[in-house]
Amino acid sequence: MTPHTLPRSERLRSLKSIRRMFGEGKSGFVYPFRFAYYVSHRGEENSLLENDKNFSGIEIMFSVPKKFHKRANKRNLLKRRTREAYRLNECRDALRAKLSEQGSTIDMALIYSTKEIHSYKTISNAVQRILEQICEGL
Numbered sequence: 022m023t024p025h026t027l028p029r030s031e032r033l034r035s036l037k038s039i040r041r042m043f044g045e046g047k048s049g050f051v052y053p054f055r056f057a058y059y060v061s062h063r064g065e066e067n068s069l070l071e072n073d074k075n076f077s078g079i080e081i082m083f084s085v086p087k088k089f090h091k092r093a094n095k096r097n098l099l100k101r102r103t104r105e106a107y108r109l110n111e112c113r114d115a116l117r118a119k120l121s122e123q124g125s126t127i128d129m130a131l132i133y134s135t136k137e138i139h140s141y142k143t144i145s146n147a148v149q150r151i152l153e154q155i156c157e158g159l
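The opening position of the sequence shown corresponds to residue 22 in our numbering, with each subsequent residue numbered one higher.
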């Protein structure tokens with residue numbers, strides 16, 4: 022896997038995993054994002070996916086609520102900026118290493134929670150702080 026990609030295997034798509042993350046997981050706030058995550062350890066159902074060559078132990082979803090941004094092009098812009106900030110972040114590699122060391126997997130959600138449209142730099146700094154907080158919390 023190339024280091025700066027966001028493959029389909031890293032995207033959180035399972036409704037069951039999303040419900041579990043919001044129901045049983047931890048959450049926090051780093052302006053302009055709310056974030057939620059759920060760490061599952063070996064022996065739980067996610068460990069079956071480790072045989073997949075593209076499996077990284079991290080699954081993430083990005084959301085921009087229609088409540089804050091009515092226009093789809095604005096929501097798409099913010100999701101693109103957030104995905105790019107996550108994809109290029111070096112903390113992602115540290116988190117991946119820590120998870121593989123512990124034998125865990127993580128489901129994460131980043132939810133853009135403000136009406137302002139921030140620059141890529143602001144979004145990138147926020148994503149980095151979120152990943153650092155999650156890494157410290159493991």
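Ideal placement from N, C-alpha and C gives every residue a C-beta, glycine not left out.
Give the straight-line distance between the Cα atoms of residue 45 and residue 93, rounded to the nearest whole angstrom. 30 angstroms
Buried or exposed (CB count within 10 angstroms, at least 16 for buried), residue 36: exposed
Which residue wins for smallest C-alpha separation from residue 119, given the options 151, 156, 101? 156
Measuring straight from C-alpha to C-alpha, what distance separates residue 40 and residue 33? 11 angstroms
DSSP bridge partner residues for residue 81 (one or two, in chain order): 32, 129
Nearest neighbour of residue 101, chosen from 115, 158, 133 [CA to CA]: 133
Give every residue of the same chain whose Cβ lies closer than 8 angstroms to the Cβ of residue 42, excluding the five residues on either side of it in the sequence, and list them in chain order. 33, 57, 58, 59, 128, 129, 130
What residues are listed by DSSP as bridge partners for residue 56? 49, 131
Look at residue 79 and residue 111 and say whether their C-beta atoms are less than 7 angstroms apart. no
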